[in-house]
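Novice: Protein chains in written order, with the numbering used here: chain A, 7 to 354; chain B, 6 to 295; chain C, 550 to 931.
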């Protein structure tokens, strides 16, 4: 049993993990996730891909909301912008996909700077509603600029060929998504170890105190918006490729809410929590479907027209119960389990 | 000229409904510090209940409205007691998420109990056209405007003169100090939720009379967010005005610019206003101490 | 080398197995699947469409099934969100292993779903909203019965332009692909007949209040107004015009051609022009269909019946008949070939259905109708 942590140097203090088993298990998980797509059926695979893409997008929001404490209700706007910034050059003008991915990050990042400007003056819900406004304005602009975006008709997006590799099959595409998701997770985790990350956390905890300590609020808030929009834009491009068709309708406003739900259910402010939250929220509808199936086909027939609504109700109820009994989120639950595991049979 | 007047008057009529819902939002925010994302859904639910009552009691419009308002009191109390009160003291984020989940439940629940088809709420009154000079307004539109005015006056007096109103302001200012003074914060929260449900219900009924009863009705809640942001999240009266301003801005944008800009006009207005007044037109600036 | 022979052997085995028994087919059962919005506002059409499929299936099963095999339907809801459409399709095809698809969800979502369906290769009927991307270029396994919005709008406006010559026109459409196709159809007539268009605008999807738009219509002096909403929007426009005491000749489109629309509009809806390829409610064929439906499905389903039910019923019948013609050895190949051979298939509920070599769209003739408020129905005009 480990008893206490003794750190002798700064690098030792801020390293991602000093535990060998954690590294080994993470590596094994990574290998398993990379190989699993070749053994799964397409339906299970679609969940894996969705988790990886959603996770990337949610990590983008995590940088802004979790780390910096700026609430955004408009992240679907960045997702949409990323999808279009990829689809327009690649599908319409035939530019290489790698360049498309660059645009998918850069265009939303620039938009993020614009959206970030109000954050220098606004707080809390005022900012949240402003970002919501930007999301609506972005989708309006995409429709208006139909000479570039084909307006409401949408753009069909092919699967990419990158660096000579073909990502046409779902399994290959899952590997691409895994690569992006892991890189993002790694970047976000490392952000927390850097000066920038610590400054962001200081801004989140109390921006006035942070400013008093010499942190340039304007610069850091804008940096947070920039990073967050960049990551979310990449996720948007992947999502567009996954859908194979980019249109306004593929990105409903509810995705913004769902992204916030992921952060809160997972445990606000932690990258690990964001990952757990993603898995939970993406799989919840499927879980409630299975739970409903257990009631037997009689129940299904009884509610022949209402079965889908019942599942939606169930979805809401699970979230409420969850937050009622575990407001720290999945991360809190995970900590409890880990403590129990390490200290058992002692209580703590 | 008549065109401009017509646009403004019908803008005020729509804005009155936004304003009523926005007042409900502000009331909850002021007393509990929460943004209630289920406000539009509450309006939708009451509209559905009114529609059911109208089917049961044809020819008794006032019974229908009264019954729906009783239902909204019950709804407000139930939400506060069963869902929100257990969350007291939990992080604000988690509590706001609970209202989002509540919105999902109410939306799906309404489709489950009723159906996804739009229905006309026909209680015999409210649909006739009243002429104000050369401008025509439906009775329900006029009623919505009058109700908003009554609510504005009522809340002004309530906060200024009544004991409960003052207690509510005290809880909003500092809930711990207020509790130390012997004010029950829980009771204040219950009153806020109930009052908010009642005005949301009224707005829902007006909306249903003017347009239809359908699961889409909850959209009006989304439109009310800009209204309450414009007026100031913690300003109940300001939110009412904010709704009217948004309604007029939308109609002017639709009437003089393009129809497609109409739906985002409200958002553009709030961005512009927030740049100048970051706490809304009538909101109070938080004094922060480190 | 070994690997290759192994793979080849596997492939041969797989293909012979497929020939022996296609997925979704057992000795007693054939599994069908469909995806459509059953929650959220578009559920209005999704649920009605689903009922049509159920009726067609119940009818076939009552008559002893398809060559002794009973039909079973698995329904997936996508809430009209493309990502969920894709997942639902993958579940139906890979997990439930259905034999054929009876619906592909609404227009935008169905376009996103096309690559998956094409790759899987199973027979697919996509008749809920037949937009041109579904069958242009033709895909081997995707069939649509109905009519495009463009063509419908073109016919409607041409009729009105002939009946009311030299009038001022106004049109308000939704800012999505549905609205864009309506505008396309209207544009064809406008160019052809050189219409005097005084008002043309888009509204944002989900808009509920149309006061500013209708004031604009009134002040533009439009004498013919095309209300290009779905249901609630069209109702909102018409009632707003009523309030403003403006009385242009008004016309609407088939997603709104349901009795609920008229009930909502009230007397203001009387005499509105509409267009559809499905028979009107007071036709003998429609009434007979309703009677038949009452013996096949429950009360809740009967209440949900509207024009989409008919669209679905006819489209599913085409599929079932093709499967029947395949006999005991039911395969995708055969079913697709048999659907293709469908010629002059009549139900009385819409025109005869025809496909052919390389033809994946059975274009149905449209009919202009007028609303009758007293009976809450639509009657074809002479």
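Ideal Cβ placement from N, Cα and C applies to all residues, glycine included.
#1: Distance cutoff 8 Å, beta carbons only. Does residue 149 of chain A sit that close to anything in chain C?
#2: Taking residue 883 of chain C as the reference, which of C:923, C:648, C:755, C:696 has the closest Cα?
#3: Using a 10 Å radius around the Cβ and a threshold of 16 neighbouring Cβ atoms, would you call residue 576 of chain C buried or exposed?
#4: Can you list the residues of chain A that residue 96 of chain B reaches, using a CB-CB cut of under 8 Å?
#5: Run down chain A in chain order and give the residues with a C-beta less than 9 Å from the C-beta of residue 276 of chain B.
#6: Is there contact between the stretch 613-621 of chain C and the stretch 585-604 of chain C, where contact requires at least three CB pairs shorter than 8 Å?
#7: So, is residue 721 of chain C buried or exposed, given that buried needs 16 or more other C-beta atoms within 10 angstroms?
#8: What does residue 35 of chain B reach in chain C if we use C-beta pairs closer than 8 Å?
#9: Just grab the DSSP bridge partners of residue 722 of chain C for me.
#10: Could you check the C-alpha separation between residue 174 of chain B and residue 36 of chain B for me, to the nearest Å?
#11: Who are residue 648 of chain C's beta bridge partners in DSSP?
#12: Among B:17, B:9, B:11, which residue has its Cα nearest to the Cα of residue 247 of chain B?
#13: Look at the alpha carbon of residue 280 of chain A and the alpha carbon of residue 269 of chain A, and state the distance between them as a whole number of angstroms.
#14: Need the endpoints of the alpha helix (DSSP H) that residue 210 of chain A sits in, please.
#15: I need the straight-line Cα distance from residue 301 of chain A to residue 33 of chain A, nearest angstrom please.
#16: Which one of A:80, A:28, A:19, A:14 has the shortest CA to CA distance from residue 344 of chain A?
#17: Check whether chain B comes within 8 Å of residue 127 of chain A, counting only Cβ atoms and requiring the distance to be less than that.
#18: May I ask which residues mark the beginning and end of the beta strand (DSSP E) holding residue 910 of chain C?
#19: Looking at the structure shown, is residue 717 of chain C part of a helix, part of a strand, or coil, going by DSSP?
#20: Here's the rule: buried if 16 or more other CB atoms are within 10 angstroms of the residue's CB, otherwise exposed. What is residue 245 of chain A?
#21: If the cut-off is 7 Å on Cβ atoms, which residues from the stretch 776-805 of chain C count as contacting chain B, listed in chain order?
#22: Indicate the three-state DSSP secondary structure (helix, strand or coil) for residue 568 of chain C in the structure shown.
#23: By the DSSP assignment, the alpha helix (DSSP H) with residue 148 of chain A in it spans what residues?
#24: Between residue 323 of chain A and chain B, is any beta-carbon pair separated by less than 8 Å?
#25: Measuring alpha carbon to alpha carbon, tell me which of B:61, B:270, B:286 ends up nearest residue 235 of chain B.
#26: Do residue 323 of chain A and residue 57 of chain A have their C-beta atoms closer together than 8 Å?
#27: Note down, in chain order, every chain C residue with its Cβ under 8 Å from the Cβ of residue 48 of chain A.
#28: Looking at the C-beta of residue 267 of chain B, does it have a partner C-beta in chain C at a distance below 8 Å?
#29: So, is residue 704 of chain C buried or exposed, given that buried needs 16 or more other C-beta atoms within 10 angstroms?
#30: Three-state secondary structure (DSSP) at residue 147 of chain B?
#31: Please return the same chain residues whose Cβ sits closer than 8 Å to the Cβ of residue 267 of chain A, not counting the five positions on each side in sequence.
#32: Please check the pair residue 242 of chain A and residue 76 of chain A, which I expect to be a contact at CB under 8 Å, by giving their CB distance rounded to whole angstroms.
#33: Taking only three categories from DSSP, how would you classify residue 917 of chain C?
#34: Measure the Cβ-Cβ separation of residue 355 of chain B and residue 597 of chain C and say whether it is below 8 Å.
#35: Any beta-carbon of chain C closer than 8 Å to the one on residue 179 of chain B?
#36: Quick check: the Cα distance between residue 120 of chain A and residue 253 of chain B, rounded to an integer number of angstroms?
Specialist: Considering the structure as presented:
#1: One-based indexing of the first chain puts residue 149 of chain A at position 143. Yes, because at least one Cβ of chain C sits closer than 8 Å to the Cβ of residue 149 of chain A.
#2: What you label residue 883 of chain C is simply residue 334 of the third chain in a count that begins at 1. The shortest Cα separation from residue 883 of chain C among C:923, C:648, C:755, C:696 belongs to C:648.
#3: Taking the third chain and counting its residues from 1, the one referred to as residue 576 of chain C is at position 27. Looking at its Cβ environment, which holds fewer than 16 other Cβ atoms inside 10 Å, residue 576 of chain C is exposed.
#4: Position 91 of the second chain holds residue 96 of chain B. Result: 274, 333.
#5: The count along the second chain starts at 1 and reaches residue 276 of chain B at position 271. For residue 276 of chain B, the C-beta contacts it makes with chain A under 9 Å involve 124, 136, 139, 140, 143, in order along the chain.
#6: no
#7: Against the third chain, residue 721 of chain C aligns to sequence position 172. By the 10 Å Cβ count, residue 721 of chain C comes out buried.
#8: Taking the second chain and counting its residues from 1, one reaches residue 35 of chain B at position 30. Those do not exist, as residue 35 of chain B stays about 28 Å from chain C at its closest Cβ, beyond 8 Å.
#9: Stepping through the third chain from its first residue, residue 722 of chain C is reached at position 173. Residue 722 of chain C is bridged by DSSP to C:751, C:777.
#10: Position 169 of the second chain, counting from 1, holds the residue named residue 174 of chain B. Position 31 of the second chain, counting from 1, holds the residue named residue 36 of chain B. About 7 Å.
#11: Here residue 648 of chain C is taken as the residue at index 99 of the third chain, counted from 1. In DSSP, residue 648 of chain C forms no bridge with anything.
#12: What you label residue 247 of chain B is simply residue 242 of the second chain in a count that begins at 1. Selected option, being the one with the closest Cα: B:17.
#13: Along the first chain, read from residue 1 onward, the residue named residue 280 of chain A stands at position 274. Along the first chain, read from residue 1 onward, the residue named residue 269 of chain A stands at position 263. About 5 Å.
#14: Sequence index remark: in the first chain, residue 210 of chain A carries index 204 (1-based). Looking at the DSSP string, the run of the alpha helix (DSSP H) that includes residue 210 of chain A is 201-211.
#15: Residue numbering aside, residue 301 of chain A sits at position 295 when the first chain is read from its first letter. Residue numbering aside, residue 33 of chain A sits at position 27 when the first chain is read from its first letter. Taking the straight line joining both Cα atoms gives about 39 Å.
#16: The sequence position of residue 344 of chain A within the first chain is 338, counting from 1. Per the Cα distances, A:28.
#17: Within the first chain, residue 127 of chain A is the residue found at index 121, counting from 1. So yes, residue 127 of chain A belongs to the interface.
#18: Here residue 910 of chain C refers to the residue found at position 361 when the third chain is read from its first residue. For residue 910 of chain C, the enclosing beta strand (DSSP E) has its first and last residue at 910-912.
#19: As a first step, residue 717 of chain C must be located in the third chain, where it is residue number 168. Strand, per DSSP.
#20: Position 239 of the first chain, counted from the start, is the residue given in the question as residue 245 of chain A. When all chains shown are included, residue 245 of chain A counts as buried.
#21: 780, 781, 784, 785, 792, 793, 794
#22: Counting from one through the third chain, the residue named residue 568 of chain C turns up at place 19. For residue 568 of chain C, the pLDDT reaches just 48, beneath the cut-off of 50, and the residue's location in the model is therefore unreliable, although a value from the coordinates is still provided. It is helical.
#23: Taking the first residue of the first chain as 1, we reach residue 148 of chain A at position 142. Looking at the DSSP string, the run of the alpha helix (DSSP H) that includes residue 148 of chain A is 130-150.
#24: Reading the first chain from its first residue, position 317 is the one you call residue 323 of chain A. Judged by the 8 Å Cβ criterion, residue 323 of chain A is in contact with chain B.
#25: Against the second chain, residue 235 of chain B aligns to sequence position 230. Looking at the Cα atoms, B:286 is the closest of the given residues.
#26: As a first step, residue 323 of chain A is located in the first chain; it is residue number 317 there, counting from the start. As a first step, residue 57 of chain A is located in the first chain; it is residue number 51 there, counting from the start. Taking 8 Å as the Cβ cut-off, residue 323 of chain A and residue 57 of chain A do not qualify as a contacting pair.
#27: As a first step, residue 48 of chain A is located in the first chain; it is residue number 42 there, counting from the start. By Cβ distance, chain C contributes 639, 642, 643.
#28: In the second chain, residue 267 of chain B corresponds to position 262, counting from 1. Judged by the 8 Å Cβ criterion, residue 267 of chain B is in contact with chain C.
#29: Taking the third chain and counting its residues from 1, one reaches residue 704 of chain C at position 155. Residue 704 of chain C comes out buried.
#30: Locating residue 147 of chain B in the second chain gives position 142, counting from the first residue. If DSSP states are grouped into helix, strand and coil, residue 147 of chain B belongs with the helices.
#31: As a first step, residue 267 of chain A is located in the first chain; it is residue number 261 there, counting from the start. Here the set comprises 283, 287, 325.
#32: The residue you call residue 242 of chain A lines up with position 236 of the first chain. The residue you call residue 76 of chain A lines up with position 70 of the first chain. About 19 Å; that fails the 8 Å criterion.
#33: In the third chain, counting from the first residue as 1, residue 917 of chain C sits at position 368. In this structure, residue 917 of chain C counts as strand in the three-state DSSP scheme.
#34: What is shown of chain B runs 6 to 295, which leaves residue 355 of chain B out entirely.
#35: Numbered from 1 along the second chain, position 174 holds the residue referred to as residue 179 of chain B. By this cut-off, residue 179 of chain B is not an interface position.
#36: What you label residue 120 of chain A is simply residue 114 of the first chain in a count that begins at 1. What you label residue 253 of chain B is simply residue 248 of the second chain in a count that begins at 1. The straight-line gap from Cα to Cα measures roughly 27 Å.
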